[in-house]
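Using UniProt numbering, read the sequence shown as starting at 1 and increasing by one per residue.
Even glycine gets a Cβ: it sits at the ideal position worked out from N, Cα and C.
Report on one structure; see the data block that follows.
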Amino acid sequence: MDCPQRRLAVLAGHLGASSSGRAGPLSAAPCAGGVSSSATPARLLEGQVAIITGAGKGIGEAAAKLMAAHGAAVVCADLDEQAAQVVVDAIQDAGGRAIAVAGDVTAAGFAERAVAEALRAFGDLTILVNNAGYTWDGVIHKMPPEQWAAMLDVHCTAPFRLIQAAAPAMRDAGKAEADRTGRPKPRCIINISSTSGTHGNAGQANYATAKAGVVGLTKAVAKEWGPFGVRCNALAFGLIDTRLTRAKEGGESIQVGGKEVKLGIPSADNYWASIKGQIPLRRVGSAEEAAGTILALAAPSLSSYVTGQVLEVNGGSFM
Ligand SMILES: NC(=O)c1ccc[n+]([C@@H]2O[C@H](COP(=O)([O-])OP(=O)(O)OC[C@H]3O[C@@H](n4cnc5c(N)ncnc54)[C@H](O)[C@@H]3O)[C@@H](O)[C@H]2O)c1
1 MDCPQRRLAV
11 LAGHLGASSS
21 GRAGPLSAAP
31 CAGGVSSSAT
41 PARLLEGQVA
51 IITGAGKGIG
61 EAAAKLMAAH
71 GAAVVCADLD
81 EQAAQVVVDA
91 IQDAGGRAIA
101 VAGDVTAAGF
111 AERAVAEALR
121 AFGDLTILVN
131 NAGYTWDGVI
141 HKMPPEQWAA
151 MLDVHCTAPF
161 RLIQAAAPAM
171 RDAGKAEADR
181 TGRPKPRCII
191 NISSTSGTHG
201 NAGQANYATA
211 KAGVVGLTKA
221 VAKEWGPFGV
231 RCNALAFGLI
241 DTRLTRAKEG
251 GESIQVGGKE
261 VKLGIPSADN
271 YWASIKGQIP
281 LRRVGSAEEA
291 AGTILALAAP
301 SLSSYVTGQV
311 LEVNGGSFM
């Protein structure tokens, strides 16, 4: 049997089986009229439209595929046009709905364009995941102003601009529904923070400050827009296996603002080995596991009474 839902279930199944071979977060629903298992959960984001920034790679890619497998139409926004398109193609091949929006989230006009594309393609916007970002590490006494400012731009100002651009579709629409019926439909914003923001990290004063800023932004939005049914939460990830945390010697870099920034952690193997003993689960997390927590927070059926929170997803570190 083949049908879009079956192919999406397969995609979700692939995502569920993480690189470490552990069982994944969730799978998608069976085909209508197909073989159904009572253990198979329903699709959690049916009818929703999501913008996910940084959806071309890593956590954003995994989130885009998982959310599409759960019924959301997805706008995959990324600096890397080709990577975003590969993700869109995979979602569409699996029977899902997605478009790519290429561009730098820090660029003037990007936020308005991403929101306009979501409304043009899918007629709504109910979920915004502010995930795009990178690290540009350095010690405080040697950090030039541009290195400091770049982190605040990408991790704080860009999410603020996207939230502001989404206000008519999310806040104003929710307010109109609340005024009319008293029951605005579910909408939510998820901002990606980091345990560097919630606990600090040597060599990351710029990143840690920016990721702490995201927490303040999250709580302010939750308080301003909660009355209109818009939830806003942050996820503070610990060590997740993506190019940001793999060996810097691997040569990964990002071209942003006309500059190349090298990504990764120097001698990451040693770092991972040294830090694993401090993680109660004794391992790093996968992008798919991180995506599972984004899905869980986005799903109204699971998290409708959760707002203004910062959930640490870190294998139990910092308890
Ligand atoms: N990997 C971790 O351990 C970890 C831990 C805590 C927080 N985070 C956060 O999770 C988010 C995703 O990181 P990841 O680990 O998946 O990294 P990644 O490099 O695998 O993916 C990030 C994606 O964001 C895109 N991007 C970066 N800057 C952009 C910009 N200015 N405009 C548009 N797109 C941009 C990149 O092109 C890439 O596709 C980031 O905000 C990161 O800070 C990651």
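- Assigned with DSSP and collapsed to three states, residue 194 falls in strand.
- With respect to the 8 Å criterion, residue 55 and residue 77 are classified as neighbours on the basis of their beta carbons.
- Membership of residue 153 in any beta strand (DSSP E) is not indicated, and neither H nor E is assigned to it by DSSP.
- CA-to-CA, the gap between residue 46 and residue 101 works out to about 22 Å.
- Classified as buried, residue 161 has 16 or more neighbouring CB atoms from the shown chains inside 10 Å of its CB.
- By the beta-carbon neighbour count (other beta carbons within 10 angstroms, threshold 16), residue 180 is exposed.
- Relative to the non-hydrogen atoms of ligand 1, the Cβ of residue 256 comes within a distance shorter than 7 Å of at least one.
- Residue 274: member of the alpha helix (DSSP H) spanning 268-276, first to last residue.
- The beta carbon of residue 317 sits no closer than 7 Å to any heavy atom of ligand 1.
- Between residue 152 and residue 189, the gap from beta carbon to beta carbon reaches 8 Å or more.
- Taking C-beta atoms under 8 Å as the contact rule, residue 44 and residue 267 fail to qualify, at a distance of about 40 Å.
- By the Cβ test, the segment 308-315 is in contact with the segment 230-249, since at least three Cβ pairs between them sit closer than 8 Å.
- Annotated three-state conformation of residue 187 is strand, per DSSP.
- Here DSSP, grouped into helix, strand and coil, assigns residue 44 to coil.
- Taking 8 Å as the cut-off, the beta carbon of residue 138 is found no closer than this to the beta carbon of residue 58.
- By DSSP's assignment, residue 231 forms a beta bridge with 188.
- Beta-carbon to beta-carbon, residue 131 and residue 91 are separated by about 16 Å, too far to satisfy the 8 Å threshold.
- Residue 183 is positioned such that its CB atom lies no closer than 8 Å to that of residue 230.
- Residue 234 places its beta carbon 8 Å or farther from that of residue 245.
- Residue 127 sits in a strand when the DSSP states are folded into three classes.
- Taking the CA atoms as reference points, residue 285 sits about 12 Å from residue 236.
- The closest CA to that of residue 216, considering only 205, 197, 226, 74, is found on 197.
- For residue 61, the closest alpha carbon among the candidates 84, 79, 199 is that of 84.
- Between ligand 1 and residue 269, a heavy atom-to-CB distance of less than 7 Å is absent.
- Rounded to the nearest whole angstrom, the CA to CA distance from residue 273 to residue 264 is 15 Å.
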